[in-house]
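Enquirer: Heads up, the final residue of the sequence shown is numbered 232 in full-length UniProt numbering, and it's a clean run with no missing numbers. Glycine included, C-beta positions come from ideal geometry on N, C-alpha and C. First, the structure itself, so that you have it in front of you.
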Amino acid sequence: MNMSVLIIDDDEPLLRALRLNFAARGYRVSTAGTGAAGLAAAADHPPDLVVVDLGLPDLDGLDVVAGIRGYSSVPIIVLSARHTGPTKVAALDAGADDYVTKPFGMDELLARMRAALRRATPAPTAPVIATAAFRLDLSTKQATGADGHPVRLTPTEWHLIEVLARHEGKLVEHKRLLREVWGPRYETETNYLRVHFANLRRKLEPDPSRPRYLVTEPGIGYRLEVGLPSSP
Numbered sequence: 001m002n003m004s005v006l007i008i009d010d011d012e013p014l015l016r017a018l019r020l021n022f023a024a025r026g027y028r029v030s031t032a033g034t035g036a037a038g039l040a041a042a043a044d045h046p047p048d049l050v051v052v053d054l055g056l057p058d059l060d061g062l063d064v065v066a067g068i069r070g071y072s073s074v075p076i077i078v079l080s081a082r083h084t085g086p087t088k089v090a091a092l093d094a095g096a097d098d099y100v101t102k103p104f105g106m107d108e109l110l111a112r113m114r115a116a117l118r119r120a121t122p123a124p125t126a127p128v129i130a131t132a133a134f135r136l137d138l139s140t141k142q143a144t145g146a147d148g149h150p151v152r153l154t155p156t157e158w159h160l161i162e163v164l165a166r167h168e169g170k171l172v173e174h175k176r177l178l179r180e181v182w183g184p185r186y187e188t189e190t191n192y193l194r195v196h197f198a199n200l201r202r203k204l205e206p207d208p209s210r211p212r213y214l215v216t217e218p219g220i221g222y223r224l225e226v227g228l229p230s231s232p
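Structure below.
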């Protein structure tokens, strides 16, 4: 499985029980006992899933959920003794994907985790993206030009175009690109994108000054368009 789970809870006996149960089922587990530590852990080492309690010693768990959701689409499951309807609604509105009340059954929690991870798994993407000017093989991480010769991309350039390829035809916002390639601490460094996309266009576009495939939405993000009609 090799999925990573971050548990944010200050109940040490519960943390130990969750850590043991999750690890026994193949999850990589990290823990945080405060909201601040949880937010830092989620940013520094992004997990595949977060389990968070609402009753933390320093922050309300709702603020932790909203904080993580502000930059990440990672599945978040709230695990809390608060069982009122308004609290559950508030947690879901803050960005939680599911809500489990304490006391709970371990099998139920694990099933809800599996369901959340399945929902978060992107749909399969075609391993090859082909245009009239270049070809991207996502399985081998190789780019070739229209003449069939390899196009040398740096690791950062490949990572950027791979993100666009996996969302082909859809707008990918600046913040998401920066987060996925450089990490959440770089979400405002849009100059990084300008430099690297200029290089990508120089290497891949027939006319870099009039890009057909690597399209800019000014002030918002970038989009990979495949199979656009030729200019008259």
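For a test of the three-state rule: what should DSSP assign to residue 150, helix, strand or coil?
Expert: Translated into the one-based positions of the sequence shown, residue 150 becomes position 150. Strand, per DSSP.
Enquirer: Measure the alpha-carbon distance for residue 228 versus residue 132 and round it to whole angstroms.
Expert: Translated into positions along the sequence shown, residue 228 becomes position 228. Translated into positions along the sequence shown, residue 132 becomes position 132. Only weak support is given to the placement of residue 228: the predicted model assigns it a pLDDT of 47, under 50, and the question is left unresolved by the model.
Enquirer: What are the uninterrupted segments assigned as alpha helix (DSSP H) that are 4 or more residues long and contained completely in the UniProt domain "Response regulatory" (4–117), given in chain order?
Expert: 12–24, 35–44, 61–69 and 85–94
Enquirer: Run through DSSP, which three-state label would residue 129 get?
Expert: Locating residue 129 in the sequence shown gives position 129, counting from the first residue. Taken through DSSP and simplified to helix, strand or coil, residue 129 comes out as strand.
Enquirer: Assuming residue 202 is part of the alpha helix (DSSP H), what are its boundary residues?
Expert: Taking the sequence shown and counting its residues from 1, the one referred to as residue 202 is at position 202. 190–204 is the extent of the alpha helix (DSSP H) around residue 202.
Enquirer: So, at 8 Å on beta carbons, what are the nonlocal neighbours of residue 150 in its own chain, with the 5 sequence-adjacent residues on each side left out?
Expert: Counted from its first residue, the sequence shown places residue 150 at position 150. Excluding sequence neighbours, residue 150 sits near 142, 143 and 144.
Enquirer: Counting only the same chain and skipping the five closest in sequence on each side, list residues whose C-beta sits under 6 Å from that of residue 230.
Expert: Your numbering for residue 230 matches position 230 in the sequence shown. Per-residue confidence for residue 230 stands at a pLDDT of 38, beneath the threshold of 50, marking its modelled position as unreliable; no derived number is given.
Enquirer: Considering Cα atoms alone, identify which of 70, 114 and 77 is closest to residue 26.
Expert: Along the sequence shown, one-based indexing puts residue 26 at 26. Here the closest residue by C-alpha is 114.
Enquirer: Count Cβ pairs between the stretch 217–224 and the stretch 161–180 that sit closer than 8 Å; are there 3 or more?
Expert: yes
Enquirer: Using a 10 Å radius around the Cβ and a threshold of 16 neighbouring Cβ atoms, would you call residue 232 buried or exposed?
Expert: Translated into positions along the sequence shown, residue 232 becomes position 232. Because residue 232 carries a pLDDT of 32, less than 50, the predicted location of this residue cannot be relied on, and the following value inherits that uncertainty. By the neighbour-count definition (other C-beta atoms within 10 Å, threshold 16), residue 232 is an exposed residue.
Enquirer: Shortest alpha-carbon distance to residue 118 belongs to which of 86, 17, 75 and 218?
Expert: Reading the sequence shown from its first residue, position 118 is the one you call residue 118. It is 75 whose Cα lies nearest to the Cα of residue 118.
Enquirer: When you compare the stretch 85–96 with the stretch 52–66, are there three or more beta-carbon pairs, one atom per stretch, that lie closer than 8 Å?
Expert: yes
Enquirer: Leaving out five residues before and five after residue 69 in sequence, what residues of the same chain have Cβ atoms less than 6 Å from its Cβ?
Expert: Counting from one through the sequence shown, the residue named residue 69 turns up at place 69. 95, listed in sequence order.
Enquirer: Sort 129, 18 and 162 by Cα distance to residue 197 and report the nearest one.
Expert: As a first step, residue 197 is located in the sequence shown; it is residue number 197 there, counting from the start. Residue 162 is the option with its Cα nearest to residue 197.
Enquirer: Quick one: what's got a C-beta closer than 7 Å to residue 116's C-beta in the same chain, skipping five residues either side?
Expert: The residue you call residue 116 lines up with position 116 of the sequence shown. So the qualifying residues of the chain are 49, 75, 77, 97 and 98.
Enquirer: Cutting at 6 Å between CB atoms, please list the residues of its own chain near residue 32, excluding the five before and the five after it.
Expert: Numbered from its first residue, the sequence shown carries residue 32 at position 32. The answer, listed in chain order, is 8, 38 and 41.
Enquirer: Using the C-alpha atoms, what's the distance from residue 79 back to residue 218?
Expert: Position 218 of the sequence shown, counting from 1, holds the residue named residue 218. Position 79 of the sequence shown, counting from 1, holds the residue named residue 79. Taking the straight line from one Cα to the other gives about 41 Å.
Enquirer: Note down, in chain order, each residue of its chain lying with its Cβ closer than 6 Å to the Cβ of residue 19, except the 5 sequence neighbours on either side.
Expert: The sequence position of residue 19 within the sequence shown is 19, counting from 1. Once the five neighbours on either side are set aside, the close Cβ partners of residue 19 are 29.
Enquirer: By alpha-carbon positions, which one of 180, 107, 168 and 156 ends up nearest to residue 130?
Expert: Taking the first residue of the sequence shown as 1, we reach residue 130 at position 130. Comparing Cα positions, the closest option is 168.
Enquirer: Going by the CB atoms, is the gap between residue 34 and residue 58 shorter than 7 Å?
Expert: Indexing the sequence shown from 1 puts residue 58 at position 58. Indexing the sequence shown from 1 puts residue 34 at position 34. Yes. Within cutoff.
Enquirer: Mind checking which residues open and close the alpha helix (DSSP H) that includes residue 140?
Expert: Translated into positions along the sequence shown, residue 140 becomes position 140. Residue 140 -> no alpha helix (DSSP H), and no H or E assigned at all.
Enquirer: What residue range does the alpha helix (DSSP H) around residue 178 cover?
Expert: The residue you call residue 178 lines up with position 178 of the sequence shown. That run of the alpha helix (DSSP H) goes 174–181.
Enquirer: Per DSSP, what kind of secondary structure is residue 238 in: helix, strand or coil?
Expert: Nothing in the structure corresponds to residue 238, since the chain is present only between 1 and 232.
Enquirer: On the CB-based measure, 16 or more other CB atoms within 10 Å of its CB, does residue 202 come out buried or exposed?
Expert: Taking the first residue of the sequence shown as position 1, residue 202 is located at position 202. By the neighbour-count rule (16 or more Cβ atoms within 10 Å), residue 202 is not buried but exposed.
Enquirer: Just list the residues that DSSP pairs residue 144 with in beta bridges.
Expert: Taking the first residue of the sequence shown as position 1, residue 144 is located at position 144. Looking at the DSSP assignment, residue 144 forms a beta bridge with 135 and 150.
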